[in-house]
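Taking it in order: structure first as structure tokens, then the write-up.
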Amino acid sequence: MIAENIAAIRENIRIAAEKSGRDPKDILLLAVTKTQPVPVIEEAMACGLTSLGENRVQELLDKYEVIGEKASWHLIGHLQTNKVRYILEKAALIHSVESLRLAEEINRRAEKIGRRMPVLVEVNIAKEPSKFGILPEDCESFLRQIATLPAIEVKGLMTVAPFVENPEENRVYFRKMKELLVDMNAKKIDNIAMDTLSMGMSGDYRVAVEEGATIVRVGTSIFGERTYPANNA
Ligand SMILES: *Cc1c(COP(=O)(O)O)cnc(C)c1O
226 MIAENIAAIR
236 ENIRIAAEKS
246 GRDPKDILLL
256 AVTKTQPVPV
266 IEEAMACGLT
276 SLGENRVQEL
286 LDKYEVIGEK
296 ASWHLIGHLQ
306 TNKVRYILEK
316 AALIHSVESL
326 RLAEEINRRA
336 EKIGRRMPVL
346 VEVNIAKEPS
356 KFGILPEDCE
366 SFLRQIATLP
376 AIEVKGLMTV
386 APFVENPEEN
396 RVYFRKMKEL
406 LVDMNAKKID
416 NIAMDTLSMG
426 MSGDYRVAVE
436 EGATIVRVGT
446 SIFGERTYPA
456 NNA
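Anchor point for the sequence shown: position 58 equals 283 in the numbering used here, and the numbering is continuous, going up by one each time.
Quick look at the structure:
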């Protein structure tokens, strides 16, 4: 099942990339493994998916204990400042930087361990009240602020697009994200040269790739519907 799903997603990514004149190799399929147990994750890893996305720190740490460095760990969910120190040595990329306070804590902790931490700035591109992220109009000033933090490396931008029935409805937002990335790079802010766009999930990753995503975060289309423990709903 999982192997077939992954093959189908890879084929869809290839088609979407070619449609937009891109090399499919430039797109990372990030397996979103939240709620999935280790043996299931190992099945995906056996198919070559070794970049894993988790949205909760504790869950990432629990799985890291078992899987360790065989995988590349991405934190994709909201990160509280008091949890930063637990994941700084373990995460390859933090997708969800959306406040100066959080960026400063990452910087402080990263300096301590002698690491320059790769991060993405989360953008609330559709300006949904329920979502985390910097508003697009505040992006430049935010980037100018975190550009001064020496132990942070801003690799690019990330967004969680609206939940829609028809993925075409999100095309406008993915396009805006790409424009924002290009615009921000054109400002030539010291320390800011971004090449990563993390956008697109199970419902809309094809459209996201067509519009320039370099990381798509896919869970359900690989593993099927998630079941959450009852005490955790
Ligand atoms: C859960 C999650 C995903 C994956 O969602 P699917 O619809 O299952 O592919 C992607 N990004 C973030 C931030 C998530 O929390």
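The C-beta atom is built at its ideal place from N, Cα and C for all residues, glycine as well. Small disclaimer: the values here were computed from a predicted structure and weren't measured.
{"Query": "Own chain residues within Cβ distance below 7 angstroms of Ala328, not counting five before or after", "Result": "Val322, Ile371, Leu374, Ile377"}
{"Query": "CA-to-CA distance, Val441 to Met424, given in whole angstroms", "Result": "5 angstroms"}
{"Query": "Selection from Ile414, Met419, Glu267 that minimises the alpha carbon distance to Leu406", "Result": "Met419"}
{"Query": "Residue nearest to His320 in terms of C-alpha spacing, selected from Gly278, Arg340, Val291, Lys352", "Result": "Gly278"}
{"Query": "Inter-stretch contact (C-beta, 8 angstroms, three-pair minimum) for the stretch 263 to 272 and the stretch 304 to 316", "Result": "no"}
{"Query": "Burial state of Val432, where buried means 16 or more other Cβ atoms lie within 10 Å", "Result": "buried"}
{"Query": "First through last residue of the beta strand (DSSP E) which encompasses Arg442", "Result": "440 to 443"}
{"Query": "Cβ contact check for the stretch 444 to 456 and the stretch 254 to 262: 3 or more pairs under 8 angstroms", "Result": "yes"}
{"Query": "Of the residues Lys337, Ile252, Gly302, the one placed nearest Arg310, counting alpha carbons only", "Result": "Lys337"}
{"Query": "Reduced DSSP secondary structure (H/G/I, E/B, other) of Gly302", "Result": "coil"}
{"Query": "Pairwise C-alpha distance: Lys380 and Val348", "Result": "14 angstroms"}
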